[in-house]
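Residues in the first sequence are numbered from 1 upward in steps of one, following this note's numbering.
One structure below.
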Amino acid sequence: MPEGHLLHRAAREISADLAGAPVRATSPQGRFDAAPVDGQVLLRTEAVGKHLLHRFDGLAVHVHLGMRGLHLRYDDPRSPPRPGVRLRLSGARAAWDLIAPSTCELLDDAAVDRLLAGLGPDPLGPDDEDEAVRRLRSARGPVGAALLDQAVWAGVGNAWRSELLFVARLPPEAPCADLPDDVVRGLWRVTRALLAAGRDAGQVVSDPAAPDERWVYKRAACRSCGAPVRAWPLAGRTAYACPVEQA
DNA sequence: GTGGCATGGACAT
DNA sequence: TGTCCCTGCCACA
1 MPEGHLLHRA
11 AREISADLAG
21 APVRATSPQG
31 RFDAAPVDGQ
41 VLLRTEAVGK
51 HLLHRFDGLA
61 VHVHLGMRGL
71 HLRYDDPRSP
81 PRPGVRLRLS
91 GARAAWDLIA
101 PSTCELLDDA
111 AVDRLLAGLG
121 PDPLGPDDED
131 EAVRRLRSAR
141 GPVGAALLDQ
151 AVWAGVGNAW
161 RSELLFVARL
171 PPEAPCADLP
181 DDVVRGLWRV
191 TRALLAAGRD
201 AGQVVSDPAA
211 PDERWVYKRA
221 ACRSCGAPVR
231 AWPLAGRTAY
241 ACPVEQA
C-alpha cells in the first residue's frame with residue numbers, strides 16, 4: 001500500500017531503528033549486491049515522494065516499492081528472513097526486510113540528484129507552495145491526471161487522488177489550466193495536512209474525525225451525500241468521484 | 001485452491 | 001494505450 005505517506009512513515013521508523021550506526025546489509029535472495037554498504041554507517045533513511053533512500057557516505061540505496069513491494073520489521077535482528085527478501089538491513093535493535101520492490105539499487109550522489117530532479121514538490125517535504133502551485137497550474141490535462149504525475153507533486157497515489165479531489169470538491173476532469181490560483185493553494189494545503197495525518201496514522205486519512213472512512217474511494221455511494229459514486233479510468237487508474245458534490 | 005484486481009511505474013507499441 | 005512485474009487480498013468455488 002505504498003503511497004508517499006507510508007514511505008515517509010517507513011523512513012521515520014527505519015531511521016529510528018538503524019540510523020547513526022553501522023548496519024548489516026545483505027540480500028538473502030541474492031538479487032541485490034549489498035556489499036558496498038554492508039558494515040557502513042547508515043546516516044539516515046529518507047523518503048521523497050514514493051521513493052526511499054538509505055543514505056550512506058557518498059552512496060545511497062534507492063528503493064521503490066511499486067505496487068507490490070513491502071517492508072517487514074523484526075524486533076529481533078537475528079530473525080530468519082522469509083524467502084525472497086531482496087534486502088535486509090539490520091542493527092542492534094531491529095531488522096528491516098524489503099520484499100518485491102520494483103526498484104532496489106545503489107546510487108551515487110550524482111544519480112540521487114538526477115532522481116530528485118525528476119520529482120515535483122513533496123507534500124510531506126519542505127513546504128514549497130509557490131512551486132507546487134506553479135507546477136500544477138501549468139500541467140497539461142485534467143487535475144486528476146496531474147495529481148498522479150510525480151513530476152508535478154511527488155507522493156500522491158490513486159487513493160489520495162480521489163479523496164483529495166473530493167475534499168477540495170473538484171471534478172477530476174477539470175483542466176489544470178482552468179483552476180484558479182487560490183483553489184490550487186487550497187488543494188496543496190489540504191494535501192499536506194491529510195498526507196501528514198496519513199503518515200502518522202499509517203493509512204489514508206481523508207477525514208481526521210473518521211480516519212478509517214473514505215469519502216468516495218472504492219465506495220459505491222458518497223459518504224457525504226449518498227449519491228452513487230462515479231468510477232472510471234483516468235490516467236490509467238480508476239478514479240472515483242461524487243457526481244453531485246464534485247460537479 | 002484459483003483467478004482477478006490493485007494505494008506503481010517502466011517500457012514497448 | 002497495453003503489458004509486464006520477485007505479492008497480497010478478496011471473492012468465489
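Heads up, the beta-carbon is just placed ideally off N, CA and C, and yes, glycines get one too.
- Listed in chain order, the non-local C-beta contacts of residue 79 below 8 Å within the same chain comprise 95, local neighbours out to five positions each way being set aside.
- Under the three-state reduction of DSSP output, residue 199 falls in the helix class.
- Following the DSSP letters along the chain, one finds residue 97 inside the beta strand (DSSP E) bounded by residues 95–99.
- The residue among 219, 33 and 20 with its C-alpha nearest the C-alpha of residue 44 is 20.
- The bridge partners DSSP lists for residue 131 come to none.
- Taking a contact as a CB-CB distance under 8 Å, the pair residue 64 and residue 36 does not count as one, their CB atoms being some 19 Å apart.
- In this structure the segment 3–18 touches the segment 190–202; the number of beta carbon pairs closer than 8 Å is three or more.
- When C-alpha distances from residue 14 are compared across 151, 190 and 92, the shortest belongs to 92.
- For the pair of segments examined, the segment 108–115 was found not to touch the segment 139–157: the number of CB pairs separated by less than 8 Å stays below three.
- Taking 3 residues as the minimum length, the beta strand (DSSP E) runs contained wholly in the segment 24–84 are 24–26, 44–48, 51–56, 59–64 and 70–74, in order along the chain.
- Between residue 167 and residue 190 a beta carbon distance of about 5 Å is seen, short of the 8 Å cut, so the two are scored as contacting.
- In the three-state reduction of the DSSP assignment, residue 215 falls in the coil class.
- Rounded to whole angstroms, the separation of the alpha carbons of residue 212 and residue 205 is 7 Å.
- Its chain contains 33, 34, 85, 86, 87 and 88 as the residues whose beta carbon lies nearer than 8 Å to that of residue 27, once the 5 sequence neighbours on both sides are disregarded; these appear in chain order.
- When only Cα atoms are considered, residue 38 and residue 202 end up about 29 Å apart.
- Beta-bridge partners of residue 232 (DSSP): 239.
- When secondary structure is reduced to three states using DSSP, residue 163 falls in the helix class.
- In this structure, residue 54 sits away from residue 47, with a CB-CB distance that is not shorter than 8 Å.
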